[in-house]
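*Asks:* Below is one structure. I have some questions about it.
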Amino acid sequence: MTSLRTAMSSSRAEEARRRVAPPGGADRVFRAMLRIVGVLVLAIMATVGLFLVRNGSDALGMAGWSFLTTQAWQPDSGNFGIAAVLAGTVLIALVALCVAFPLAAGVALFISEYAPPGARRALVSLVDLMAAVPSVVYGLFGAVFLQWNLLDVPRWISTRFGWIPLFTVDGYDPDDPLSSQTVFASSTFFAGLIVGMMVMPIACSVMREAFSQAPPGEREGAYALGATKWGMIRSVVLPFARGGMIGGTMLGLGRALGETIAVYMIIAPVFVIQPHILQSGANSVSAMIAQQWGAASPFGLSALMAAGLALFALTLVVNFGASAIIARSRSGQESEA
């Protein structure tokens, strides 16, 4: 009898938990508005995709699969593809992530775990302000100031690690004091450095939010077991926020893939696959579209639309993956503490 009463009471409690108040008029209106907004966002994305498909179909129909494997860009001659610019886009984005990830993780950890409350608010505002700076300002900073004052950095990397193909620079002899250092300017390295500064605030914001959601009980439990501050962060905060860190990095990657003006202002455009990130000469899909748009023929415009479609699809894949990872991390199921 006791077990029967317990089961009945548990059943009634479960039914009570499942009861919800019937939605009122305001709830129905709000729910309808949210559905409309969600459908509108999907409709806009679908419209953009269909627009690119429609306007790029002539070029895609002519090039076929060679559009993904051809390096040259001569659409009016029928010899065009995005292999070179797509490789450059990925390389610039990867360099940007190598710059942005440690900066974003370090700043986010300092703000959420170490900074006093007053300084925390100021730092959050400053990091958010960085995200509001226009791309052209970063481009000017990189093209006029940064790359000409940091030429010693890629030169040192090439001198010390030039045996790695990625850091090889053709035409530069480290033993020749008269060898020009301009071979290091307008490179993938400097473009990635500037883009990394641009995407750092985005990644930092996501990471900071993930760090702040680490359960207080697990934090206190780590301290009760004798953990130091860093020990608590390593055993509780970082495992819990792992999904947010990955998601923030991927969101930054999506932003880096589509950056246009800053890259356009820094690079010296080439249409060959350029694997040497320290050497002058690079390109990206978005920068190529900006370069070619004004002088393109009608068929050239169709080819540019096809290139934009490829970048659109790549960015969507990256951002959807980031959103899925961030959504999983919010529940705390990534914690290993």
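Each number in the working numbering comes from the position in the sequence shown (counting from 1) with 147 added on.
Even glycine gets a Cβ: it sits at the ideal position worked out from N, Cα and C.
At which residue ranges does the stretch 217 to 294 contain complete beta strand (DSSP E) runs of 3 or more residues, listed in the order of the chain?
*Replies:* none
*Asks:* Whole angstroms is fine: what's the gap from Leu448's alpha carbon to Trp440's?
*Replies:* 7 Å
*Asks:* What distance in whole Å lies between the Cβ atoms of Ala474 and Phe214, which are believed to be in contact at a cut-off of 8 Å?
*Replies:* Contact flag wrong, Cβ pair sits at about 34 Å.
*Asks:* Tell me the residue span of the alpha helix (DSSP H) that contains Phe337.
*Replies:* Residues 335 to 359.
*Asks:* Mind reading off the beta-carbon distance from Ile413 to Phe337? Whole number of angstroms is fine, and I expect it under 8 Å.
*Replies:* 6 Å
*Asks:* Below 7 Å between beta carbons: does that hold for Thr219 and Phe446?
*Replies:* It is Ala, not Thr, that sits at residue 219 in the sequence shown. No, the pair does not count as a contact, with Cβ atoms beyond the cut-off.
*Asks:* Out of Ala415, Lys376, Gly468, Phe459, state which residue places its alpha-carbon closest to the alpha-carbon of Met259.
*Replies:* What sits at residue 259 in the sequence shown is Ser, not Met. Among Ala415, Lys376, Gly468, Phe459, the Cα nearest to that of Ser259 belongs to Lys376.
*Asks:* Mapping DSSP to helix, strand and coil, what is Ala388?
*Replies:* DSSP places Ala388 in coil when its eight states are reduced to three.
*Asks:* Taking the C-alpha atoms as reference points, what is the distance between Ile472 and Val284?
*Replies:* 32 Å
*Asks:* Does DSSP put Ala429 in a helix, in a strand, or in coil?
*Replies:* strand
*Asks:* Mind checking who Pro445 pairs with in its DSSP beta bridge?
*Replies:* Pro445 is not bridged to any residue.
*Asks:* Rank Phe358, Gln294, Ile311 by C-alpha distance to the C-alpha of Gln328 and give the top, closest one.
*Replies:* Gln294
*Asks:* Pick from Ile424, Met397, Tyr411, Ala403: whose alpha carbon is nearest that of Gly468?
*Replies:* Met397
*Asks:* With distances taken Cα to Cα, identify the nearest neighbour of Gly455 among Leu297, Cys245, Phe288, Leu207.
*Replies:* Leu207
*Asks:* Using the Cα positions of Thr216 and Asn226, report the straight-line distance between them to the nearest angstrom.
*Replies:* 11 Å
*Asks:* Please state whether DSSP places Pro362 in a helix, a strand or coil.
*Replies:* coil
*Asks:* Taking the C-alpha atoms as reference points, what is the distance between Phe358 and Ala255?
*Replies:* Looking at the two C-alpha atoms, the distance is approximately 8 Å.
*Asks:* For Ala484 and Gly395, I'd like the C-alpha separation in whole angstroms.
*Replies:* Residue confidence for Ala484 is low, a pLDDT of 37 falling below 50, so the modelled location carries little weight; the figure read from the coordinates is stated next. Their Cα atoms are separated by approximately 21 Å.
*Asks:* Tell me which residue opens and which closes the alpha helix (DSSP H) that Thr375 is part of.
*Replies:* No alpha helix (DSSP H) holds Thr375; DSSP gives it neither H nor E.
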